[in-house]
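*Asks:*
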Amino acid sequence: MEKRLSFLIIQQTIHQLLWHFEIANDLESGKIVGKKIISDALLGVSCCFMDNENLKNLKKLLSQDQINLSNAIITAINQVENDLCVINPTSAIIDKIEYHFRDNTFHFIFNVSDSYSFVLSEKSRLIIEVPRVALENIKLPDMKEICVNQWYINIFINISKYSIYEGSYIIDLHLIDD
């Protein structure tokens with residue numbers, strides 16, 4: 001039992017170190033990393049599992065109201081980044097949703113652009129990290145229930161905005177690998 005516990009502690013430490021290196025590499029490569037992501041990495045988090053099919057359904061659901069989702073995300077980012085004056089995105093189109101086992105978060109990945117294209121390339125990305133805990137009590141509705149779907153979309157918009165305000169986002173100003 002003691003050997004098993006030691007192994008688990010070592011494994012968790014390795015995962016934590018990998019996460020720290022990933023954040024350091026992001027910062028070194030010019031990505032903007034939110035304060036919450038950095039603090040979560042320093043504090044550590046537990047792990048859990050999420051089904052990829054559910055993530056595809058969630059992306060499909062959120063894509064139904066892309067205009068409101070984009071407006072909410074852009075408004076939140078511009079409010080947070082206003083003091084820094086580094087970027088000024090004007091659109092955010094959801095590309096995919098991933099679950100990251102190591103840090104127990106969902107990554108809502110958006111393609112972002114600005115009207116002037118000074119800083120953002122047309123393939124820049126915004127990654128919003130949302131803790132699994134924030135979504136664990138939400139069950140996706142049947143995709144045919146349009147009124148209910150709008151209610152769920154609003155929940156996810158609010159969760160995404162909250163995560164941005166908390167600093168749980170990364171803006172990758174470099175080209176996406178195709």
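The opening residue of the sequence shown carries number 1 in UniProt numbering; numbering runs sequentially from there. We treat Cβ as the ideally placed atom computed from N, Cα and C, and that holds for glycine.
1. Flag this pair as touching only if the region 152-159 and the region 17-28 have three or more C-beta atom pairs under 8 Å; answer yes or no.
2. Can you grab the Cα-Cα spacing for the pair Q150 / E166, in whole Å?
3. Specify the secondary structure class of N68 as computed by DSSP and reduced to three states.
4. Taking only beta-carbon atoms, is N54 less than 8 Å away from chain C?
5. Any heavy atom of the ligand HEM closer than 7 Å to the beta-carbon of A76?
6. With distances taken Cα to Cα, identify the nearest neighbour of I37 among N158, L173, N104 and L135.
7. Kindly list the residues whose CB is nearer than 6 Å to the CB of G34, restricted to its own chain and excluding five residues on each side of it in sequence; keep chain order.
8. Verify whether the separation of the beta carbon atoms of S63 and P89 is less than 8 Å.
9. By how many angstroms is the C-alpha of Q66 removed from the C-alpha of S91?
10. Around the C-beta of E53, are 16 or more other C-beta atoms found within 10 angstroms, so that it is buried, or is it exposed?
11. Buried or exposed, going by whether 16 or more other CB atoms sit within 10 Å of the CB of C47?
12. Is S46 helix, strand or coil when you go by DSSP?
13. What is the rounded straight-line gap between the Cα of N68 and the Cα of I93?
*Replies:* A quick look at the data gives this:
1. no
2. The alpha-carbon atoms of Q150 and E166 are separated by roughly 24 Å.
3. The answer is helix: DSSP assigns N68 an H, G or I state.
4. Among the chains of the structure shown, chain C does not appear; only one protein chain is present.
5. Here there are no bound small molecules, and the ligand HEM is not part of this structure.
6. For the set N158, L173, N104 and L135, the Cα lying nearest the Cα of I37 is the one of N104.
7. G167, S168 and Y169
8. no
9. 10 Å
10. By the 10 Å Cβ count, E53 comes out exposed.
11. Because C47 sits at a pLDDT of 40, beneath the cut-off of 50, its placement in the model cannot be relied upon, and the following sentence gives the value as read from the coordinates. That one is exposed.
12. Only weak support exists for where S46 lies, its pLDDT of 44 falling under 50; the coordinates are left without a value.
13. 11 Å
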